[in-house]
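Just so you know, the sequence shown maps onto residues -6 to 545 in the working numbering.
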Amino acid sequence: MAKGLQIVLISGQYAVFMANQLKVQEQETIIHLAGMGWGIRRIARELKLSRNTVRNYYRSAKPGLPPESSPTSQSDPLSTPGACDSARENDPPISTTGSESVLAQNDSLSTPGKSGRRSCCLDHDQLIRAKAKAGLSAQRIYQDLQGELGFQASYQSVKRYVQKLRGAEPELVHRIEVQPAEEVQVDFGSGPLLLTSDGKRRRTWVFRLVLSYSRKAYSEAVFRQDTESFLRCIENAFRCFGGVALTINLDNLKAAVIKADWADPELNPKLEDFARHYGTAILPCLPRRPEHKGKVENSIKYLKGNALPGHQFESLAQLNQHLAHWERTVADQRIHGTTKRQVAELFLVEKPALRPLPDSLFPCFREGPRIVHRDGHVEVEKAFYHVPVEHLRREVWVRFDGREVRIFAKNRKGVLEQIQTHRRLEPGQFTRVQGIGGGQGTLQANLNYWLSRASGLGNSCARWSSSLTQNRGIASMRSLMGLVSLSQKHSFPALNHACERALAKGTFRLRDVRTLLEAREVQTEIQFEQDHPLIRNLSEYSSFVNQQTQNT
-6 MAKGLQIVLI
4 SGQYAVFMAN
14 QLKVQEQETI
24 IHLAGMGWGI
34 RRIARELKLS
44 RNTVRNYYRS
54 AKPGLPPESS
64 PTSQSDPLST
74 PGACDSAREN
84 DPPISTTGSE
94 SVLAQNDSLS
104 TPGKSGRRSC
114 CLDHDQLIRA
124 KAKAGLSAQR
134 IYQDLQGELG
144 FQASYQSVKR
154 YVQKLRGAEP
164 ELVHRIEVQP
174 AEEVQVDFGS
184 GPLLLTSDGK
194 RRRTWVFRLV
204 LSYSRKAYSE
214 AVFRQDTESF
224 LRCIENAFRC
234 FGGVALTINL
244 DNLKAAVIKA
254 DWADPELNPK
264 LEDFARHYGT
274 AILPCLPRRP
284 EHKGKVENSI
294 KYLKGNALPG
304 HQFESLAQLN
314 QHLAHWERTV
324 ADQRIHGTTK
334 RQVAELFLVE
344 KPALRPLPDS
354 LFPCFREGPR
364 IVHRDGHVEV
374 EKAFYHVPVE
384 HLRREVWVRF
394 DGREVRIFAK
404 NRKGVLEQIQ
414 THRRLEPGQF
424 TRVQGIGGGQ
434 GTLQANLNYW
444 LSRASGLGNS
454 CARWSSSLTQ
464 NRGIASMRSL
474 MGLVSLSQKH
484 SFPALNHACE
494 RALAKGTFRL
504 RDVRTLLEAR
514 EVQTEIQFEQ
524 DHPLIRNLSE
534 YSSFVNQQTQ
544 NT
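Set out below in structure tokens:
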């Protein structure tokens, strides 16, 4: 006999085991549990043994059973391994004939040839079916089962049961088609990442609005899904179409819907004002029902699969230009799969039915008080905007939207007057900052600026400044600034003469130019002569004055 093998007689049957066989108590436990109808997987899990090891002893106890046969198995598509392990009193009776075990009861959704342990959810089948038909999620059904019936099985068992129920009983989806200009559907989809100036990647979102009749669409990329961006995108779409649809179908995004309700949703107040301004109605669909706005859902998939792959964009403006060109040249020219007509051609039929646009844009803005910081800026949405210096540390009033920021201050009569207007900046940016050179832009740009200022003082100053820059590079910038400031005290000829002498001596320090300026002023000082034949003594003038006075 081969080394390491051992023949053991169990219940009148011979079995071959490895030398590291189980203890007698474990062997007897396996045989006892098998006699009670436990399956191989359950015994292996309870005793923390390998299924192969349990199978060897299991076959010895019931040699006619197949390898994975379990006395508690039944033909049930909703039964999955691990769904329920404990035996229940109301389980169907088990009839064992020969070496096979078959359940006396089969589920109506059973699939022939598929076996597994009985799911714990079968005991609550009608309740689960009713809740699933009502649209409740598997998580919600699991919570209800725990709270109402003290359900002890896992969430995964309920999740698998609900998934298979819905797969066996698919829900009918009704197709809805509308008349021209009756409805538009809107939604957001994830857009490409853009590389910002600081080297970071920023996520974009693509807004898409589709006319339900012609499938004419409008696309726009934005950085935020806030209320203002949402309204501006809809407004831009209406302006692009040249008219307004009767209703707007959207999902329950936070920028539009405060509280979802199919009959009486609580809408964002700005969205309600927007709808009144454009003469349209907002009709949100039910939560978690994307099929209620399937036209725009499919349209976004079409855009993401056709317009964006293979393209890279450096800015939001470049991305929007690409989307607008793609809409005109590709999306509008295609033959739609449902309507079987060209989108642009069908839009010509729908456009006359659109409601007219209002005379003005919708005034969507936010406002509030701000205190002017010591650096002369106020903070609005994490960006900083310059205010005239006379308003430092005072309160001003700001009004802003997605395009611009307007700043107001009270005049002597207490009326708000606009004092500044800025274009909207990204968070962390300033409208007015100074670099090391006292100006905006890079160091090289500041150096070039001061070099041009110094060169404007004269030819000699220009040559000295150019030589200074070549010798000292960026470090020469402060000397150039000092040379320009000297023009406030000295004349241009004096400055050019000093720079000419500095060039002749080969010196390129501002202190040397100052020294040469002071030396030239001392040398050119005019000395008046005190004694000359033509100049009379002052005493003679005094005598003459006295004599004339006495004669009078």
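In this text, a Cβ means the ideal position worked out from N, Cα and C, and glycines have one as well.
How close, in whole Å, do the beta carbons of residue i and residue j come, if the pair is a contact with beta carbons under 8 Å?
i	j	result
residue 365	residue 371	6 Å
residue 221	residue 395	5 Å
residue 288	residue 178	5 Å
residue 385	residue 405	Not confirmed; about 18 Å, so no contact.
residue 421	residue 376	7 Å
residue 336	residue 208	5 Å
residue 241	residue 260	Their Cβ separation, rounded to whole angstroms, is 11 Å, which puts residue 241 and residue 260 out of contact at 8 Å.
residue 348	residue 236	6 Å
residue 230	residue 202	4 Å
Where does residue i sit, in a helix, a strand or coil, going by DSSP?
i	result
residue 252	strand
residue 72	Per-residue confidence for residue 72 stands at a pLDDT of 42, beneath the threshold of 50, marking its modelled position as unreliable; no derived number is given.
residue 306	coil
residue 463	helix
residue 238	coil
residue 370	strand
residue 321	helix
residue 48	helix
residue 425	coil
residue 42	coil
residue 494	helix
residue 450	coil
residue 243	strand
residue 195	strand
If we ignore side chains and look at the alpha-carbon of each, how far apart do residue i and residue j end up?
i	j	result
residue 213	residue 399	25 Å
residue 354	residue 416	18 Å
residue 21	residue 116	33 Å
residue 506	residue 379	38 Å
residue 137	residue 189	48 Å
residue 44	residue 125	36 Å
residue 286	residue 411	44 Å
residue 14	residue 49	11 Å
residue 319	residue 301	10 Å
residue 199	residue 352	27 Å
residue 578	residue 530	An answer regarding residue 578 cannot be provided, because it is not within the stretch -6 to 545 covered by the chain.
residue 479	residue 359	49 Å
residue 459	residue 224	55 Å
residue 476	residue 497	18 Å
residue 536	residue 543	11 Å
residue 383	residue 436	29 Å
residue 253	residue 110	41 Å
residue 32	residue 131	29 Å
residue 51	residue 39	14 Å
residue 463	residue 193	36 Å
residue 150	residue 247	33 Å
residue 401	residue 369	14 Å
residue 443	residue 473	6 Å
residue 425	residue 307	25 Å
residue 145	residue 113	9 Å
residue 167	residue 293	21 Å
residue 303	residue 418	30 Å
Between which two residues does the beta strand (DSSP E) harbouring residue i extend?
i	result
residue 204	198 to 204
residue 212	210 to 215
residue 476	Segment 470 to 479 is the alpha helix (DSSP H) holding residue 476; no beta strand (DSSP E) there.
residue 231	No beta strand (DSSP E) holds residue 231; the alpha helix (DSSP H) holding it covers 220 to 234.
residue 182	176 to 183
residue 420	Segment: none, residue 420 is in no beta strand (DSSP E) and carries neither H nor E.
residue 546	Within the shown structure, residues of the chain are numbered from -6 to 545, placing residue 546 beyond reach of any answer.
residue 376	376 to 379
Taking the alpha helix (DSSP H) that residue i belongs to, which residues open and close that run?
i	result
residue 328	Looking at the DSSP string, residue 328 is not in any alpha helix (DSSP H), and its letter there is neither H nor E.
residue 538	531 to 544
residue 26	17 to 28
residue 171	Segment: none, residue 171 is in no alpha helix (DSSP H) and carries neither H nor E.
residue 268	262 to 271
residue 112	Here residue 112 belongs to no alpha helix (DSSP H), and DSSP marks it neither H nor E.
residue 191	Taken as a continuous stretch (DSSP letters only), residue 191 belongs to no alpha helix (DSSP H), as it is neither H nor E.
residue 569	Because residue 569 is not part of the residues shown, which for the chain are -6 to 545, the question remains open.
residue 145	Per DSSP, residue 145 belongs to no alpha helix (DSSP H) and is neither H nor E.
residue 118	118 to 126
Is there at least one Cβ from chain D nearer than 8 Å to residue i's Cβ?
i	result
residue 322	Considering every chain present, this structure includes no chain D. It has just one protein chain.
query = Where in the stretch 389 to 418 do unbroken runs of the beta strand (DSSP E), each at least 3 residues long, occur, reported from the N-terminal end onward?
reply = As far as the stretch 389 to 418 is concerned, its whole beta strand (DSSP E) runs of at least 3 residues are 397 to 403, 409 to 416.
Along the chain, which unbroken stretches of the beta strand (DSSP E) at least 3 residues long are found entirely within the stretch 328 to 368?
As far as the stretch 328 to 368 is concerned, its whole beta strand (DSSP E) runs of at least 3 residues are 359 to 364.
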